[in-house]
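Working notes, beginning with the structure itself.
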Amino acid sequence: MTTTGTTGTNTTGTVATGGTAATPNAQPGHFPEHMPRNLDYVPAAAPEILLSAAKHHPDRIAFVDGEDTVTFAQLRDRALQLAARLTADGAGPGRVVGIQLPNVLDFPVAYFGALLTGAAVTLVNPLQPAPALARQLTDAGAHLLIVHPAHLEAARTAAPEAGLTRVLVTEPSWAGPAAEAEVATARSLTSDPAQPVFVPFSATDTNAAEAAGTSTDASPSEAAPSPETFAPVLVDQEEVAHFQFTGGTTGRSKAVRVLHRNVIGNLTQAAAWRLHSRVVRDADGDLALEPIEELGAPHLQPGAGVSIQVPPLFHAQGISSVAMFVLGGITTVLTGRFRPDTFLDLCDRWQAQYTSGNPPMYLALAAHSAQTGRQATSIRAALSGAAPLDATSLARIAQVMPNAIVGEGYGLTEGTCIVTASDLTPHGTRRAGTVGVPIPDTRIEIRSADGTRVLPTGTEGELWAHGPQVTDGYHGAPELTAAQYVDGWLRTGDIASIDEEGFVRIHDRAKDMLLYKGYNVYPRELEDIVSAHPRVAQVAVVGRPDAEVGEIPVAFIVPTAPAAADTPATAAEAASPAAAGSGAQDADLAQEIMDWFAGQVLPYQKIREVHLVDALPTSAAGKVLKTELRTRL
Numbered sequence: 001m002t003t004t005g006t007t008g009t010n011t012t013g014t015v016a017t018g019g020t021a022a023t024p025n026a027q028p029g030h031f032p033e034h035m036p037r038n039l040d041y042v043p044a045a046a047p048e049i050l051l052s053a054a055k056h057h058p059d060r061i062a063f064v065d066g067e068d069t070v071t072f073a074q075l076r077d078r079a080l081q082l083a084a085r086l087t088a089d090g091a092g093p094g095r096v097v098g099i100q101l102p103n104v105l106d107f108p109v110a111y112f113g114a115l116l117t118g119a120a121v122t123l124v125n126p127l128q129p130a131p132a133l134a135r136q137l138t139d140a141g142a143h144l145l146i147v148h149p150a151h152l153e154a155a156r157t158a159a160p161e162a163g164l165t166r167v168l169v170t171e172p173s174w175a176g177p178a179a180e181a182e183v184a185t186a187r188s189l190t191s192d193p194a195q196p197v198f199v200p201f202s203a204t205d206t207n208a209a210e211a212a213g214t215s216t217d218a219s220p221s222e223a224a225p226s227p228e229t230f231a232p233v234l235v236d237q238e239e240v241a242h243f244q245f246t247g248g249t250t251g252r253s254k255a256v257r258v259l260h261r262n263v264i265g266n267l268t269q270a271a272a273w274r275l276h277s278r279v280v281r282d283a284d285g286d287l288a289l290e291p292i293e294e295l296g297a298p299h300l301q302p303g304a305g306v307s308i309q310v311p312p313l314f315h316a317q318g319i320s321s322v323a324m325f326v327l328g329g330i331t332t333v334l335t336g337r338f339r340p341d342t343f344l345d346l347c348d349r350w351q352a353q354y355t356s357g358n359p360p361m362y363l364a365l366a367a368h369s370a371q372t373g374r375q376a377t378s379i380r381a382a383l384s385g386a387a388p389l390d391a392t393s394l395a396r397i398a399q400v401m402p403n404a405i406v407g408e409g410y411g412l413t414e415g416t417c418i419v420t421a422s423d424l425t426p427h428g429t430r431r432a433g434t435v436g437v438p439i440p441d442t443r444i445e446i447r448s449a450d451g452t453r454v455l456p457t458g459t460e461g462e463l464w465a466h467g468p469q470v471t472d473g474y475h476g477a478p479e480l481t482a483a484q485y486v487d488g489w490l491r492t493g494d495i496a497s498i499d500e501e502g503f504v505r506i507h508d509r510a511k512d513m514l515l516y517k518g519y520n521v522y523p524r525e526l527e528d529i530v531s532a533h534p535r536v537a538q539v540a541v542v543g544r545p546d547a548e549v550g551e552i553p554v555a556f557i558v559p560t561a562p563a564a565a566d567t568p569a570t571a572a573e574a575a576s577p578a579a580a581g582s583g584a585q586d587a588d589l590a591q592e593i594m595d596w597f598a599g600q601v602l603p604y605q606k607i608r609e610v611h612l613v614d615a616l617p618t619s620a621a622g623k624v625l626k627t628e629l630r631t632r633l
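Here it is in structure tokens:
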């Protein structure tokens, strides 16, 4: 049975009642030396993370944004100040606060401030257009929205549609004249009876009275209690912490119910894996980290480490990083919009030891390094997710981060964040092309398409996951929840395999798999091969419906040299007179790639059409939006 994790085995069997394997455990597979397979999980509410960090590391810098910093104690005080304000505006248990902010200092203030009221949060892509914003706020049942002034226009349209009566607009003093103009606009909106009440506020001002004074006469927030008198509301761990929306890479985004125990559970797993620490209660009953001495010192030292944060904080990977780094007393340096030169400057200035990101980010960094010779020598560990890294890309990344161990991980919103990860310890075992092994207390099974049979080792099938990070289902979608969450197991929709040592390899999304003349064709496998061509910078393969064969593989390729955007070049087009002129070179390159590729695959796997494009559309997390590519066919 292809099962790996805490109780892995390598014999074939059926799924028994309750989702457990019918055959006994035979082989646990590879696991980092001295890493506990099982952990204790402390019942806790997510905002306790900040309250505990402020106690243990009060004067340490928590977040950096340009020249602005905030300590853990300041972050707690500002979050309590905002919590008092939100409570006066109606936030509390059973309520939902939307947060539409970029990676700025206001984000952790807003996040923890909302949670401290007992409310749940729904984190919104700051670039979300008004219609999608209205849908998310409606689907999550949001009552309030916190928005950055730069994104006020979408909120003006979406808030009334979603039934919101109050919107808080951050008032960052460092944002400059443009933001001040937006805040002025927000102030003027408070007198418009057709609009919700828009209330400017300063999350970076520790003076509660002064902050309350920025509200208009229509705002009950003026009477908000001070942070000194506000009592945090710590809800039960079975309550929803996040209505976290999926990336929408395979269709409309869905609201995942992430419970407080999921947040603390995945944090506990990540703390063991990355920080070599257990999450415990100290003598005062507060959360704390306890070193796992057998594992030795981690790359990222609790109370001393520095991480460069590139992934958006509204994404599952970003907000999970916030939880781990805050509890660990680790300084998080925000980059804003990713720029390779800025990233390298921040690494040098703060001597950061850790970072995470996605392949496009790392490859852009590698290209910049190849041109300038600059390196991120302080980085000791780097984690990549969202999409696979091939061996060639890993080698390029090693040139820019010569002292770093680079590993991959696998996670999904329905699994809170992390499900599998590479061993990033100096003497750990890593296997190129895999996403590592299941983290503690996580079980993985590779099952048949109908979910009833667990497949043999090495066989490709659908990945199912079980562990404390598996969330509570989709909000307002009981039928979809019943289909994806079965007896405590999560049906991920990803095609994967597990080798004899327990390493997990992701082959593709089940929804991305093509059927060509009855054969299964996995785009991920084709992409891995195409990416080795020297003229290919990035590639994504999707299927075009075809009446005769079912679907044909089509490649969208970003070449290493500029190309005319979206130039279709099938074999027939490449040979036609229409390909002459400026498009001839593109057609020649497309034909060259198709011919080269055809010699390396079986006939049914051949790419039948190539589009040369300037860039691939991606989500905020760096995942290629194949749904958008299909609309171009």
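To convert, note that position 510 of the sequence shown is 510 in UniProt numbering; the numbers rise steadily by one, no gaps. Note that CB positions come from ideal geometry on N, CA and C, so glycine has one too. Source: prediction; values computed, not measured.
Do the CB positions of C417 and S320 come within less than 8 angstroms of each other?
A Cβ-Cβ contact shorter than 8 angstroms links C417 with S320.
Under three-state DSSP, which class holds L616?
coil
Do you know how far the Cα of R431 is from the Cα of G66?
37 angstroms
How close, in whole Å, do the beta carbons of F107 and L101 come, if the pair is a contact with beta carbons under 8 angstroms?
5 angstroms
Does the segment 474-482 come close enough to the segment 438-447 to have 3 or more Cβ pairs within less than 8 angstroms?
no
State yes or no: is the C-beta of A496 within less than 8 angstroms of the C-beta of H260?
no
Every unbroken beta strand (DSSP E) within the segment 321-392, with a cutoff of 3 residues, ordered by chain:
331-334, 354-357 and 381-384
Proximal residues to L344 (C-beta, below 7 angstroms), its chain only, five neighbours per side dropped:
R374 and A376
Contacting residues, own chain, Cβ-Cβ under 7 angstroms from P402 (five flanking each side not counted):
Q375 and T377
Could you round the C-beta distance between L145 and G98 to whole angstroms and report it? I think they count as a contact, below 8 angstroms.
4 angstroms
Once the 5 residues before and after T392 are set aside, which same chain residues still bring their CB inside 8 angstroms of it?
Counting only Cβ-Cβ distances below 8 angstroms, and skipping sequence neighbours, we find S531 and A532.
Starting from D546 and walking both ways along the beta strand (DSSP E), at which residues does that stretch end?
V536 to D546
Looking at the secondary structure, which residues open and close the alpha helix (DSSP H) in which I593 lies?
A584 to A598
At the level of alpha carbons, what is the spacing between L363 and L616?
Cα to Cα, L363 sits roughly 14 angstroms from L616.
Touch test, the segment 53-63 against the segment 33-41, Cβ-Cβ under 8 angstroms, three pairs minimum:
These segments do not touch.
Are A142 and T170 close, meaning C-beta to C-beta below 8 angstroms?
no
Quick one: residues in its chain with C-beta nearer than 6 angstroms to the C-beta of Q309, no 5 flanking neighbours on either side, listed in chain order?
T332 and L334
Using the C-alpha atoms, what's the distance from A387 back to G622?
As the crow flies, the alpha-carbon of G622 is around 8 angstroms from that of A387.
N- and C-terminal bounds of the beta strand (DSSP E) containing I529
First-last for I529: P523 to V530, but that is the alpha helix (DSSP H), not the beta strand (DSSP E).
Does DSSP put L629 in a helix, a strand or coil?
helix
Taking only runs that begin and end inside the segment 129-169, name each unbroken alpha helix (DSSP H) of 4 or more residues, in chain order.
130-140 and 152-161
Could you check if G461 is buried or exposed, using at least 16 other CB atoms within 10 Å of its CB as the buried criterion?
buried
Buried or exposed for Y519, going by 16 or more other Cβ atoms inside 10 Å?
exposed
Beta-bridge pairing of Q244 - partner residues as DSSP gives them
For Q244, which the question treats as bridged, DSSP gives the partners V256.
Nearest-angstrom beta carbon gap, H299 and A381 [assumed within contact, 8 angstroms]
4 angstroms
P302 (DSSP reduced to helix, strand or coil)
Of the three classes helix, strand and coil, the one that applies to P302 here is coil, per DSSP.
Determine, using beta carbons only, whether F556 and V613 come nearer to each other than 8 angstroms.
yes
Mapping DSSP to helix, strand and coil, what is F72?
helix
Alpha carbon to alpha carbon, how far is I405 from K626? Give it in angstroms, no decimals.
30 angstroms
Among all the DSSP beta bridges, which residues are the ones paired with A288?
V280
Under a three-way DSSP split, which group does E462 fall into?
strand
Under 8 angstroms between C-beta atoms of V280 and G118
no
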